[in-house]
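Residue numbers (this note's numbering): 11 to 162.
Think of the CB as a built atom: it goes at the ideal place given N, C-alpha and C, for glycine as much as any other residue.
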């Protein structure tokens, strides 16, 4: 009979720890600098806020949008592909990556129009994706006994 492993963290604990780290980063000077650089183009910033407002019950600020993308969208994993595909961020990601299948949804058309009118509107996306990857790496290294060279 095999003996059960001990000391391995539950996946829910890893998700919780990753979310905690993301919340800390959202309040950091690095995140503030990212938001300020994005807010420097007020027209693009307003357009992004309007894009999310078209599909949400309440209007989200740039801070709330950044937090949503980092914690909820990138943090969702791939367990539910349909939920991610239908998320508001997916059209932004697809357009940013050069997707040309604009016939698929109103959201995709609006994301494309946003990019056309405000080319810098998605400039924050790669930085949030990179930060999410760093948070995941650090969380896993801590959980499995490694040491992290970079701190969030």
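| Query | Result |
| --- | --- |
| Exposed or buried, what is residue 55 when buried is set at 16 or more other beta-carbons lying within 10 Å of its beta-carbon? | buried |
| Assign residue 35 to one of three DSSP states: helix, strand, or coil. | helix |
| If you count every other CB in all the chains shown that lies within 10 Å of the CB of residue 62, and 16 or more means buried, which is it? | buried |
| Could you name each continuous beta strand (DSSP E) segment of 3 residues or more that falls completely within the segment 115-148, going from the start of the chain to the end? | none |
| Give a yes or no on whether the C-beta atoms belonging to residue 149 and residue 29 are separated by under 7 angstroms. | no |
| Please say whether residue 77 and residue 102 have beta carbons closer to each other than 7 angstroms? | no |
| Can you tell me whether residue 154 is buried or exposed, with buried defined as 16 or more other CB within 10 angstroms of its CB? | exposed |
| From residue 115 to residue 18, what distance separates their C-alpha atoms? | 42 angstroms |
| I'd like the list of long-range same chain contacts for residue 31, defined as Cβ closer than 7 angstroms, with 5 residues on each side in sequence excluded. | 145, 148, 149 and 162 |
| Please name the residue in 100, 139, 43 and 143 whose C-alpha comes closest to that of residue 120. | 100 |
| Under 6 angstroms Cβ to Cβ from residue 138, same chain only, skipping five residues before and after it: list those, please. | 79 and 80 |
| Using the Cα positions of residue 46 and residue 129, report the straight-line distance between them to the nearest angstrom. | 17 angstroms |
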